[in-house]
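Asker: Every letter in the sequence shown is one number past the one before it in UniProt numbering, and letter 64, counting from 1, is 64. The beta-carbon is built from N, C-alpha and C at its ideal position, and this holds for glycine as well. Remember, it's a predicted structure, so these values are computed and weren't measured experimentally. Have a look at this one before I ask anything.
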Amino acid sequence: MEVEMQRASEGDLPVKAAAVSSGDNFDYEAEARLVAEARASWERKANGEEEDEEDPEMWLDYNAYEAGRFRDTWNCLYFGYFGRFEDTIKVAAISGGLQWPLHVFGKIALRDSVDHNRNMVFDRTRDNCQILTQEVPNLKLTGPSRAVLLLDPVTFEVDLKVKGCTESEDRHLSFLAVQFLNMIPHDSCLRIRAYTSKISTLKFTLGIVIYSLEATISVRVSGGSWPDGFRAQFAAHTASIGCEEIILLDSGDDKLPVTGDGTITLGRRVASVEVSGELNVSVKALQGGEVIVHRESGFKPKKAGRSCGTLDVGFCQMDVSVAWSLLSAEY
1 MEVEMQRASE
11 GDLPVKAAAV
21 SSGDNFDYEA
31 EARLVAEARA
41 SWERKANGEE
51 EDEEDPEMWL
61 DYNAYEAGRF
71 RDTWNCLYFG
81 YFGRFEDTIK
91 VAAISGGLQW
101 PLHVFGKIAL
111 RDSVDHNRNM
121 VFDRTRDNCQ
131 ILTQEVPNLK
141 LTGPSRAVLL
151 LDPVTFEVDL
161 KVKGCTESED
171 RHLSFLAVQF
181 LNMIPHDSCL
191 RIRAYTSKIS
201 TLKFTLGIVI
211 YSLEATISVR
221 VSGGSWPDGF
231 RAQFAAHTAS
241 IGCEEIILLD
251 SGDDKLPVTG
261 DGTITLGRRV
271 ASVEVSGELN
281 VSVKALQGGE
291 VIVHRESGFK
301 PKKAGRSCGT
311 LDVGFCQMDV
321 SVAWSLLSAE
331 Y
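Dropping the structure here:
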């Protein structure tokens, strides 16, 4: 996903939440009252007893205005069943007073017609920002937790901010709730969509995989260890959408995250693979930007069960397990 910065309008309005929550002290009665008031207001408008007030944000930033309306609608219709809306990417140029580096936090999620729950792909708090630099401008996505089904339009929800010196100085980077509409293609392919809001344009690169199965990937150290000073990058790809890779984990300057039983904590674990295709899982050991070792293991899809393979980079041997499952429209 790419982000292109654009000039900020002077009239940016604050996001208006449907209810305020602080830790575990959420006032559910207050939110229920807000829902009841909103429903009553909608009924009055439907009966012609009340007119819509024109929101100036509709003219200043239409996508942000639509995102706010989407959030209010969600809270009123679904919060009792699926939780509140509040619950739970290269930067080409920056302007509007922003300077590198950017400390970015917030949420990016996808919703399909399967269960109405948010499928998070980016979720960071203000205390856990990702730092974007001019040299490394991509957001690290950490999802989805399951395959997204394109049976009906898929909704992209984005609420990203740039951290300031104080909370009052935080800037809204993007605020969106837009639908991705696409006819199902005959062949697997990539699609790119760009949406502008606030001071950025987000470019989504989407892989549409037809006749696909869901692969859940896990990696465990079986011998040796990963040495300090080597960056680890795990990825997955399928030839049906070209050479594009899903980055499962990029350790950066940090140590490889390994649990007590040797399991490597991947940031992303799920991939879609064509029934007639092949899933390739790879690992790179890098030092100073140079690839020292590159190993890859291929897996033929199954309708159920597991496939096993190995990745051996010399100093560290790893077992790869792929759990296969059919995609269902009823989760």
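(1) Assign residue 6 to one of three DSSP states: helix, strand, or coil.
(2) Hey, residue 278 and residue 298 are a contact pair by Cβ (cut 8 Å); roughly how many whole angstroms apart?
(3) Residue 294: buried (16+ other C-beta within 10 angstroms of its C-beta) or exposed?
(4) For the beta strand (DSSP E) containing residue 179, list its first residue and its last residue.
(5) Look up residue 232 in the DSSP assignment and say whether it is helix, strand or coil.
(6) Can you give me the C-alpha to C-alpha distance between residue 332 and residue 240, rounded to a whole angstrom?
(7) If I measure Cβ to Cβ from residue 224 and keep anything under 6 Å in the same chain, skipping five residues before and after, which residues do I get?
(8) Just grab the DSSP bridge partners of residue 129 for me.
(9) Taking the alpha carbon of residue 231 as the reference point, which residue from 214, 220, 252 and 305 has its own alpha carbon closest?
(10) Quick check: the Cα distance between residue 281 and residue 207, rounded to an integer number of angstroms?
(11) Here's the rule I'm using: 16 or more other beta-carbon atoms within 10 Å means buried, otherwise exposed. How should residue 167 be labelled?
(12) Can you list, in chain order, the residues of its chain with a C-beta nearer than 8 Å to that of residue 236? Leave out the 5 residues immediately preceding and following it.
(13) Measuring alpha carbon to alpha carbon, tell me which residue in 219, 169, 176 and 144 is nearest residue 158.
(14) Count the other CB atoms, across all protein chains shown, that sit within 10 Å of the CB of residue 9; report buried if there are 16 or more and exposed otherwise.
Answerer: Judging by the given coordinates:
(1) What you label residue 6 is simply residue 6 of the sequence shown in a count that begins at 1. Because residue 6 sits at a pLDDT of 38, beneath the cut-off of 50, its placement in the model cannot be relied upon, and the following sentence gives the value as read from the coordinates. Of the three classes helix, strand and coil, the one that applies to residue 6 here is coil, per DSSP.
(2) As a first step, residue 278 must be located in the sequence shown, where it is residue number 278. As a first step, residue 298 must be located in the sequence shown, where it is residue number 298. Indeed, because the Cβ distance is near 5 Å, the residues count as touching under 8 Å.
(3) If you number the sequence shown from 1, residue 294 lands on position 294. It counts as exposed.
(4) If you number the sequence shown from 1, residue 179 lands on position 179. Residue 179 -> beta strand (DSSP E) spans 171-180.
(5) Residue numbering aside, residue 232 sits at position 232 when the sequence shown is read from its first letter. Looking at residue 232 - three-state DSSP - the assignment turns out to be strand.
(6) Shown here, the chain extends from 1 to 331; a query on residue 332 therefore has no answer.
(7) Counted from its first residue, the sequence shown places residue 224 at position 224. Excluding sequence neighbours, residue 224 sits near 315, 316 and 317.
(8) Counting from one through the sequence shown, the residue named residue 129 turns up at place 129. For residue 129, DSSP assigns no beta-bridge partner whatsoever.
(9) Your numbering for residue 231 matches position 231 in the sequence shown. Comparing Cα-Cα distances from residue 231 to each of 214, 220, 252 and 305, the minimum goes to 252.
(10) Taking the first residue of the sequence shown as position 1, residue 281 is located at position 281. Taking the first residue of the sequence shown as position 1, residue 207 is located at position 207. Distance between the alpha carbons of residue 281 and residue 207 is about 17 Å.
(11) Here residue 167 is taken as the residue at index 167 of the sequence shown, counted from 1. With fewer than 16 other Cβ atoms within 10 Å, it is exposed.
(12) As a first step, residue 236 is located in the sequence shown; it is residue number 236 there, counting from the start. Contacts found: 215, 217, 245, 246, 248, 271, 279, 280, 281 and 282.
(13) The residue you call residue 158 lines up with position 158 of the sequence shown. With respect to the C-alpha of residue 158, the residue from 219, 169, 176 and 144 having the closest C-alpha is 176.
(14) The residue you call residue 9 lines up with position 9 of the sequence shown. Bear in mind that a pLDDT of 32 at residue 9, under 50, signals an unreliable position, so the model cannot answer this.
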